[in-house]
Amino acid sequence: ISFGAQGKRYEFGLGEHHDHLVCLECGEIEEFIDEIIEKQQELIAKKHNFKMTGHTMKIVGICSSCQSKKES
538 ISFGAQGKRY EFGLGEHHDH LVCLECGEIE EFIDEIIEKQ QELIAKKHNF
588 KMTGHTMKIV GICSSCQSKK ES
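Counting along the sequence shown from 1, when you hit position 66 you're at 603 in the numbering used here, and nothing is skipped either side.
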């Protein structure tokens with residue numbers, strides 16, 4: 538999976554599907570699972586008559602640790 542300036546991460550297709558939070562400051566990558574997001578993506582694909590076979594989701598921003606450092 539490419540994370541732009543944060544580099545690449547190789548993940549084996551084993552285990553449960555997950556998405557990523559990527560910090561633009563330190564490059565930290567946190568994995569998360571959210572069933573509501575998964576269901577919404579399925580509904581969007583269905584609404585557009587699109588057969589989804591997979592997806593990649595990346596949310597970029599600033600992690601709590603970097604936010605704390607900026608506030609100091």
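Built from N, CA and C at the ideal position, the CB exists for glycine as well.
Looking only at DSSP bridge pairs, what is L558 linked to?
-> Looking up residue 558 in the sequence shown gives position 21. In DSSP, L558 forms a bridge with E567 and I596.
If you follow the alpha helix (DSSP H) that K583 is part of, which residue opens it and which one closes it?
-> Position 46 of the sequence shown, counted from the start, is the residue given in the question as residue 583. Where K583 is concerned, the enclosing alpha helix (DSSP H) stretches over E572 to K584.
For V597, count neighbouring C-beta atoms within 10 Å of its own C-beta (all shown protein chains included) and say buried if the count is 16 or more, exposed if not.
-> Taking the first residue of the sequence shown as 1, we reach residue 597 at position 60. Classification of V597: exposed, given that the 10 Å Cβ count is below 16.
E608, enclosing alpha helix (DSSP H) - first and last residue = Counting from one through the sequence shown, the residue named residue 608 turns up at place 71. Run containing E608: S601 to E608, per the alpha helix (DSSP H) assignment.
Taking only the alpha-carbon atoms, compute the straight-line gap between A582 and S609 and give it to the nearest angstrom.
-> For the purposes of this step, residue 582 is taken as residue 45 along the sequence shown, with counting starting at 1. For the purposes of this step, residue 609 is taken as residue 72 along the sequence shown, with counting starting at 1. Their Cα atoms are separated by approximately 44 angstroms.
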